[in-house]
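Numbering of the sequence shown is given in the numbering used here, commencing with residue 191 and proceeding in unit increments.
All residues carry an ideal CB built from backbone N, CA and C; glycine is no exception.
First the structure, in the form of structure tokens, and then the observations on it.
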Amino acid sequence: MALSTLASLHVFALSAGAAVVKFTPERAPESRPAAVAGRAPVLTSAVRPAAGTTAPVPDPAALSRRLVPLLAGADTRIGAVVTDVATGRVLFASRADEPATPASTTKLVTSVAALATLGPAHRITTRTVRGSDGGVVLVGGGDPTLTARPSRKQGLEYASLPELARQTATALKASGVRRVDYDVSAYRGPRAAYGWKPNYLPDGELAPLSALTVDRGRRAPGDSKGNGRVSNPAASATAAFAKLLTRYGVTARAGRSTTAPAQAVQLGAVRSPTAAELVEHLMTESDNDVAEAMARQVALKTGRPGTFADASQAVMRALAGLGVRGGIRVNDGSGLSTANRITPAALASVIALAASPDHPRLRAAITGMPVAGFSGTLDAPRYTAPSTRGGAGVVRAKTGTLNGVSTLAGIVHDADGRVLAFAFMMGDGKGPVDPGRLDRLAAAVASCGCR
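Here it is in structure tokens:
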């Protein structure tokens with residue numbers, strides 16, 4: 191059964207096109223049960239949602255009878271909406287137009303805005319150029335995945351700082367460069383967003399925002415927990431680069447912050463994974479660093495400065511251009527800001543856009559969503575309880591958690607194979623919340639043959 195379910199899930203994952211934000215990054219458990227009991231994934235396509243239009247649209251009254259009891263027992267408010275992706279018809283709504291703190295479901299908004307503005311094939315370039323004094327300037331473009339570690343043989347191929355050093359050394363053709371300066375002028379303004387808790391940066395929720403960062407600014411590059419971030423990522427990256435140049439026969443020391451000459455000769459360049467790959471990663475793993483970088487890229491692409499405020503405005507404008515003109519107010523790209531406000535209706539609209547065949551550029555926002563019971567922040571033990579097993583493998587969703595807030599938004603194939611978008615937002619930041627209730631709501635939608 192395990193092999194059958196996982197095989198079906200693989201097909202679903204391919205056709206359907208992850209932390210939870212909080213004080214301690216959400217991480218998926220390291221192991222999962224051999225099999226998740228329950229209905230195997232429905233093999234219809236959310237990449238081409240028209241494949242799900244042959245199934246009947248759920249009856250709103252029948253769907254309501256399933257969901258209302260699950261909402262009624264909550265100790266705090268829950269905003270909820272379920273829509274039919276193909277038609278945009280709202281099938282269920284409760285407090286759907288009330289703004290709520292989205293937490294990490296903000297990453298849905300960031301991802302869709304980035305894909306729409308940049309395009310899925312966009313890459314971020316880190317380069318070196320000749321400085322005005324004959325030295326080298328390391329120019330950051332905002333790539334959040336630049337690494338000094340050996341290139342991966344599996345997974346994303348991150349831009350390599352050693353490769354950039356090799357190119358640069360080859361271009362110089364001689365040793366003796368005195369200094370490597372760095373240019374981080376692509377990003378401006380404060381390093382923390384409005385609404386961030388003071389402990390976010392010290393605790394390593396993400397690195398201080400910089401256009402030049404290597405290995406997420408971690409003191410120990412292999413530390414996936416995100417603890418021990420450096421205070422000046424650009425200076426640390428430049429020091430690492432100078433050492434790498436020395437390895438390739440060009441003796442140099444790390445210098446200072448500068449601005450590269452406008453017509454400087456390029457010595458080397460490396461590029462990030464594509465925007466689609468970065469979005470899939472940040473959605474599955476709920477990567478705060480990558481989410482903030484993608485928001486900045488939206489600002490830069492539209493000619494705005496690379497600040498938190500400009501990135502937020504650019505993201506909201508991009509969504510308005512797609513037709514979502516209300517219900518979204520954000521101050522960052524990751525959802526760490528407690529001042530963000532999004533309505534469930536707006537979240538569901540963003541999801542429906544990404545799943546629509548009319549917007550293939552946005553598909554990575556769907557394919558990057560964790561699969562219930564199997565991956566990312568929805569990995570087991572979530573969706574293994576009797577009350578949620580009906581959603582295992584057929585719910586794809588982004589999670590979000592801050593103190594007193596829990597959110598879940600994504601897509602689901604119901605029992606008849608209809609593709610539905612949903613958004614459930616719980617809490618006001620003042621009391622305890624139960625993410626399991628949101629899982630039960632999503633599972634109820636998934637198991638509904640509501641005709």
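Could you please give the first and the last residue of the uninterrupted beta strand (DSSP E) stretch that includes Gly-600? The residue you call residue 600 lines up with position 410 of the sequence shown. 595-603 is the extent of the beta strand (DSSP E) around Gly-600.
For Arg-553, count neighbouring Cβ atoms within 10 angstroms of its own Cβ and tell me buried if that reaches 16, exposed if not. Here the question's residue 553 lines up with position 363 in the sequence shown. With 16 or more Cβ atoms within 10 Å of its Cβ, Arg-553 is classed as buried.
Which value, in whole angstroms, describes the spacing of the CA atoms of Ala-454 and Ser-426? In the sequence shown, counting from the first residue as 1, residue 454 sits at position 264. In the sequence shown, counting from the first residue as 1, residue 426 sits at position 236. Rounded to whole angstroms, Ala-454 to Ser-426 spans 23 Å at the Cα level.
Pairing CB atoms from the region 305-312 with CB atoms from the region 564-576, are three or more of them under 8 Å? Below 8 Å, too few C-beta pairs join the region 305-312 and the region 564-576 to call them touching: fewer than three.
For the region 507-516 against the region 324-342, are there 3 or more C-beta pairs whose distance is under 8 Å? Touching, no, given that fewer than three Cβ pairs across the two stretches are closer than 8 Å.
Are three or more beta carbon pairs between the region 490-500 and the region 267-275 nearer than 8 Å? The answer is no - the region 267-275 does not touch the region 490-500, with fewer than three Cβ pairs under 8 Å.
Can you tell me which of the three DSSP states Val-455 falls into? Residue numbering aside, residue 455 sits at position 265 when the sequence shown is read from its first letter. In this structure, Val-455 counts as coil in the three-state DSSP scheme.
Secondary structure of Arg-317, DSSP reduced to three states: For this step, residue 317 is matched to residue 127 along the sequence shown. Correct three-state label for Arg-317: strand.
For Leu-610, three-class secondary structure by DSSP: What you label residue 610 is simply residue 420 of the sequence shown in a count that begins at 1. Leu-610 falls in the strand class under three-state DSSP.
Give the secondary structure of Phe-498 by DSSP, where H, G and I count as helix, E and B as strand, and everything else as coil. By 1-based counting over the sequence shown, the position of residue 498 is 308. It is helical.
Residue closest to Val-520, alpha-carbon to alpha-carbon, out of Ala-545, Gly-566, Ser-637 and Ala-485: Locating residue 520 in the sequence shown gives position 330, where the first residue counts as 1. Answer by Cα proximity: Ala-485.
Leu-592 bridges to which residues according to DSSP? As a working note, residue 592 is residue 402 in the sequence shown. BP columns for Leu-592 point to Val-595.
Near Ser-502, which residues of its chain fall below 6 Å by C-beta distance, leaving aside the five closest residues on each side in sequence? Locating residue 502 in the sequence shown gives position 312, counting from the first residue. Setting aside the 5 residues that flank it on each side, Ser-502 is surrounded in the same chain by Val-520 and Asn-521, each with a C-beta closer than 6 Å to its C-beta; the list follows chain order.
Would you say the region 426-442 touches the region 291-305, given that touching needs at least three Cβ pairs under 8 Å? Contact fails: fewer than three Cβ-Cβ distances are below 8 Å.
Exposed or buried, what is Ala-350 when buried is set at 16 or more other beta-carbons lying within 10 Å of its beta-carbon? Walking along the sequence shown from the start, residue 350 turns up at place 160. It should be noted that the sequence gives Ser, not Ala, for residue 350. By the Cβ neighbour-count rule, Ser-350 is buried, with 16 or more other Cβ atoms within 10 Å of its own.
Spatial neighbours of Lys-297 within its chain, please: CB distance less than 7 Å, with the 5 preceding and 5 following residues excluded, ordered by chain position. To locate residue 297, count along the sequence shown from 1; it is residue 107. Only Leu-472, Met-473, Ser-476, Ala-481, Ser-524, Gly-525 and Lys-588 meet the Cβ criterion.
Supposed contact pair Ala-450 and Val-708 - C-beta distance, whole angstroms, cut 8 Å: With the chain running from 191 to 641 in the structure shown, residue 708 is simply not present.
May I ask you to report which of helix, strand or coil DSSP gives Phe-564? Residue 564 sits at position 374 when you count from the first residue of the sequence shown. If DSSP states are grouped into helix, strand and coil, Phe-564 belongs with coil.
Starting from the Cα of Ser-322, find the closest Cα among Asp-624, Ala-452, Pro-534 and Glu-467 and give me that residue. Here residue 322 refers to the residue found at position 132 of the sequence shown. With distances taken between Cα atoms, Ser-322 lies closest to Ala-452.
Endpoints, alpha helix (DSSP H) assigned at Ser-426: Counting from 1 along the sequence shown, the entry for residue 426 is found at position 236. Under the DSSP assignment, Ser-426 falls in the alpha helix (DSSP H) whose first and last residues are 423-437.
Would you identify the three-state DSSP class for Arg-267, choosing helix, strand or coil? Counting from one through the sequence shown, the residue named residue 267 turns up at place 77. For Arg-267, the secondary structure class from DSSP, reduced to helix, strand or coil, is coil.
Can you tell me whether DSSP reads Arg-443 as helix, strand or coil? On the sequence shown, residue 443 is found 253 positions in, with the first residue counted as 1. DSSP, read as helix, strand or coil, puts Arg-443 in strand.
Can you tell me the Cα-Cα spacing of Leu-610 and Pro-534, whole angstroms? Counting from one through the sequence shown, the residue named residue 610 turns up at place 420. Counting from one through the sequence shown, the residue named residue 534 turns up at place 344. Their Cα atoms are separated by approximately 14 Å.
Using DSSP bridges, identify the partner residues of Val-460. Working through the sequence shown from its first residue, we reach residue 460 at position 270. Residue pairing by DSSP places Val-460 opposite Thr-316 in a beta bridge.
Leaving aside the five residues before and after Gly-558 along the sequence, list all residues of the same chain whose C-beta is less than 6 Å from its C-beta, in chain order. In the sequence shown, residue 558 corresponds to position 368, counting from 1. Correct list, in chain order: Val-469, Glu-470, Met-473 and Thr-474.
Can at least three beta-carbon pairs, one atom from the region 243-258 and one from the region 579-593, be found at a separation below 8 Å? Contact between the region 243-258 and the region 579-593 is absent, because fewer than three Cβ pairs lie under 8 Å.
Coarse secondary structure for Met-642, derived from DSSP in three states: The shown model of the chain, from 191 to 641, leaves out residue 642, and the question about it has no answer.
For Leu-328: DSSP bridge partner residues: As a first step, residue 328 must be located in the sequence shown, where it is residue number 138. Per the DSSP secondary-structure output, Leu-328 pairs in a beta bridge with Thr-318 and Tyr-372.
Note down, in chain order, each residue of its chain lying with its Cβ closer than 7 Å to the Cβ of Ala-376, except the 5 sequence neighbours on either side. The count along the sequence shown starts at 1 and reaches residue 376 at position 186. Here the set comprises Gly-330, Gly-331, Gly-332, Ala-401, Leu-490 and Gly-496.
Could you round the C-beta distance between Thr-448 and Asp-371 to whole angstroms and report it? I think they count as a contact, below 8 Å. Position 258 of the sequence shown holds residue 448. Position 181 of the sequence shown holds residue 371. The distance from the Cβ of Thr-448 to that of Asp-371 is about 4 Å, consistent with a contact at the 8 Å cut-off.
Does His-200 come out as helix, strand or coil in the three-state DSSP assignment? Along the sequence shown, one-based indexing puts residue 200 at 10. Here the model assigns His-200 a pLDDT of 38, short of 50, so the residue's position is not dependable, and the following value carries that caveat. It is helical.
Which two residues bound the contiguous alpha helix (DSSP H) that contains Leu-490? In the sequence shown, counting from the first residue as 1, residue 490 sits at position 300. First-last of the alpha helix (DSSP H) with Leu-490: 478-491.
Whose C-alpha, out of Ser-421, Val-374 and Gly-379, is nearest the C-alpha of Leu-396? Sequence index remark: in the sequence shown, residue 396 carries index 206 (1-based). Leu-396 has its Cα closest to that of Ser-421, out of Ser-421, Val-374 and Gly-379.
Among the residues of its own chain, which have a CB less than 6 Å from the CB of Gly-385, if the five just before and after it don't count? As a position in the sequence shown, residue 385 is number 195, starting the count at 1. Leaving aside the five residues that flank Gly-385 on each side, the residues in its chain whose CB is nearer than 6 Å to its CB run, in chain order, Asn-521, Ser-527, Thr-528 and Ala-529.
Looking at the structure shown, is Val-514 part of a helix, part of a strand, or coil, going by DSSP? Numbered from its first residue, the sequence shown carries residue 514 at position 324. Here Val-514 sits in coil by DSSP.
Quick check: what's the CA-CA separation for Ser-205 versus Arg-446? Here residue 205 is taken as the residue at index 15 of the sequence shown, counted from 1. Here residue 446 is taken as the residue at index 256 of the sequence shown, counted from 1. Because Ser-205 sits at a pLDDT of 39, beneath the cut-off of 50, its placement in the model cannot be relied upon, and the point is left open.
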